[in-house]
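Asker: Just dropping this structure here.
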Amino acid sequence: AQSVTQLGSHVSVSEGALVLLRCNYSSSVPPYLFWYVQYPNQGLQLLLKYTSAATLVKGINGFEAEFKKSETSFHLTKPSAHMSDAAEYFCAVRLEETSGSRLTFGEGTQLTVNP
Amino acid sequence: SAVISQKPSRDICQRGTSLTIQCQVDSQVTMMFWYRQQPGQSLTLIATANQGSEATYESGFVIDKFPISRPNLTFSTLTVSNMSPEDSSIYLCSVARGVNTEAFFGQGTRLTVV
Numbered sequence: 133a134q135s136v137t138q139l140g141s142h143v144s145v146s147e148g149a150l151v152l153l154r155c156n157y158s159s160s161v162p163p164y165l166f167w168y169v170q171y172p173n174q175g176l177q178l179l180l181k182y183t184s185a186a187t188l189v190k191g192i193n194g195f196e197a198e199f200k201k202s203e204t205s206f207h208l209t210k211p212s213a214h215m216s217d218a219a220e221y222f223c224a225v226r227l228e229e230t231s232g233s234r235l236t237f238g239e240g241t242q243l244t245v246n247p
Numbered sequence: 002s003a004v005i006s007q008k009p010s011r012d013i014c015q016r017g018t019s020l021t022i023q024c025q026v027d028s029q030v031t032m033m034f035w036y037r038q039q040p041g042q043s044l045t046l047i048a049t050a051n052q053g054s055e056a057t058y059e060s061g062f063v064i065d066k067f068p069i070s071r072p073n074l075t076f077s078t079l080t081v082s083n084m085s086p087e088d089s090s091i092y093l094c095s096v097a098r099g100v101n102t103e104a105f106f107g108q109g110t111r112l113t114v115v
């Protein structure tokens, strides 16, 4: 079965500091991996995706993630945090090879950015 | 991307009643899904809405409790039946243009059952 584990339900950084949100996956099919962001009282917005092309994926708002098969990881990073990055972040993996859009989600990481 | 409109955006309902949530997309999409996000938790896939046929439900979800319709390629409804306080959640509609393309999400319906 496919699953994702997000290490750290809460991460707190200072404005301007590096953001690192961790995601490890388990998948019996070639993984498609995604990071979504959820701002308060809103739906989910796609940040970036990995679908077996380049292992370093660049997304919106300055975020990027690196797929590491040997470590079964897909950690999300941003060099310099901004106050507007405060939100909930979800890592997700596709449930099956025939539907990349059916997803299972991690538990989420709440990012706090301190001034 | 896709513009997804969900109605209602929020509701407070009495236990034992039912609520139907609508999901309208601005253009035709191949895939439509319904997710539940319980308070402070992650998202769980309820079902895949299939056009013109019965929805495909995930383990733990049944048609009697969550009947779903999808009459065409731009519209779907999810009904939460015979509600109890445990059904208080955010319900999100998700769509994808192809089988292996990224999924987009609506703003969600925040349901409180009292």
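Protein chains in written order, with our numbering: chain A, 133 to 247; chain B, 2 to 115. Ideal Cβ placement from N, Cα and C applies to all residues, glycine included.
1. Could you run through the stretch 21-42 of chain B and flag, in chain order, every residue whose CB is less than 8 Å away from some CB of chain A?
2. Can you round the beta-carbon distance between A98 of chain A and G148 of chain A to whole angstroms, since I take them to be within the 8 Å contact cut?
3. Drop a sphere of 10 angstroms on the beta-carbon of I22 of chain B, count the other beta-carbons inside from all chains shown, and report buried for 16 or more, exposed for fewer.
4. For T75 of chain B, I'd like the list of residues in its chain whose CB is within less than 8 Å of its CB, leaving aside the five on either flank, ordered along the chain.
5. Can you tell me which of A:L179, A:Q138, A:T183, A:S202 puts its alpha carbon nearest to the alpha carbon of G191 of chain A?
6. Report buried or exposed for H207 of chain A, applying the criterion of at least 16 other Cβ atoms within 10 angstroms of its Cβ.
7. Below 8 Å on C-beta distance, what does Q174 of chain A contact in chain B?
8. Using a C-beta cutoff of 8 Å, does T230 of chain A count as contacting chain B?
9. Near L150 of chain A, which residues of its chain fall below 8 Å by C-beta distance, leaving aside the five closest residues on each side in sequence?
10. Can the beta-carbon of V114 of chain B be found less than 8 Å from the beta-carbon of R16 of chain B?
11. My guess is that N51 of chain B and R71 of chain B are in contact by the Cβ rule of under 8 Å, so how many angstroms apart are they, rounded?
12. Where do the ends of the beta strand (DSSP E) carrying R234 of chain A lie?
13. In the DSSP assignment, the beta strand (DSSP E) including M32 of chain B goes from what residue to what residue?
14. Suppose you measure from the CA of K201 of chain A to the CA of V189 of chain A; what does that come to, to the nearest Å?
15. Near Q38 of chain B, what residues of its chain come up, given a Cβ to Cβ distance below 8 Å and the 5 sequence neighbours on each side ignored?
16. Pull the bridge partners of F76 of chain B from the DSSP assignment, please.
17. Can you tell me whether DSSP reads D65 of chain B as helix, strand or coil?
18. Which partner residues of Q242 of chain A appear in the DSSP bridge assignment?
Answerer: Taking the structure as given:
1. M32, F34, Q42
2. The first residue shown for chain A is 133 and the last is 247, placing residue 98 of chain A beyond what the model contains.
3. Position 21 of the second sequence, counted from the first residue, corresponds to residue 22 of chain B. I22 of chain B comes out buried.
4. Within the second sequence, the letter at position 74 stands for residue 75 of chain B. These residues qualify, in order along the chain: Q25, V26, D27, S28, Q29, V30.
5. As a position in the first sequence, residue 191 of chain A is number 59, starting the count at 1. Among A:L179, A:Q138, A:T183, A:S202, the Cα nearest to that of G191 of chain A belongs to A:L179.
6. For the purposes of this step, residue 207 of chain A is taken as residue 75 along the first sequence, with counting starting at 1. Counting Cβ neighbours within 10 Å, H207 of chain A comes out buried, since at least 16 surround it.
7. Stepping through the first sequence from its first residue, residue 174 of chain A is reached at position 42. Correct list: Q108, G109.
8. Your numbering for residue 230 of chain A matches position 98 in the first sequence. Answer yes: the Cβ-Cβ gap between T230 of chain A and chain B drops below 8 Å somewhere.
9. Walking along the first sequence from the start, residue 150 of chain A turns up at place 18. For L150 of chain A, where only same-chain residues beyond five positions count, the Cβ hits under 8 Å are T209, K210, P211, S212, A213.
10. Taking the second sequence and counting its residues from 1, the one referred to as residue 114 of chain B is at position 113. Taking the second sequence and counting its residues from 1, the one referred to as residue 16 of chain B is at position 15. Yes, they are a contact pair.
11. Counting from one through the second sequence, the residue named residue 51 of chain B turns up at place 50. Counting from one through the second sequence, the residue named residue 71 of chain B turns up at place 70. That belief holds up - the Cβ atoms of N51 of chain B and R71 of chain B are roughly 6 Å apart, short of 8 Å.
12. For the purposes of this step, residue 234 of chain A is identified with residue 102 of the first sequence, where counting begins at 1. From DSSP, the beta strand (DSSP E) with R234 of chain A extends over 231-237.
13. Translated into positions along the second sequence, residue 32 of chain B becomes position 31. From DSSP, the beta strand (DSSP E) with M32 of chain B extends over 32-38.
14. Working through the first sequence from its first residue, we reach residue 201 of chain A at position 69. Working through the first sequence from its first residue, we reach residue 189 of chain A at position 57. Whole-angstrom Cα-Cα distance: 14 Å.
15. The residue labelled residue 38 of chain B in the question sits at position 37 within the second sequence. Closer than 8 Å at Cβ, skipping near neighbours: L44, T45, S90, I91, Y92, L93, G109.
16. As a first step, residue 76 of chain B must be located in the second sequence, where it is residue number 75. According to DSSP, which records beta bridges pairwise, F76 of chain B is partnered with B:Q25, B:N73.
17. The sequence position of residue 65 of chain B within the second sequence is 64, counting from 1. Note: D65 of chain B maps to coil in three-state DSSP.
18. By 1-based counting over the first sequence, the position of residue 242 of chain A is 110. DSSP lists A:H142, A:E220 as partners of Q242 of chain A.
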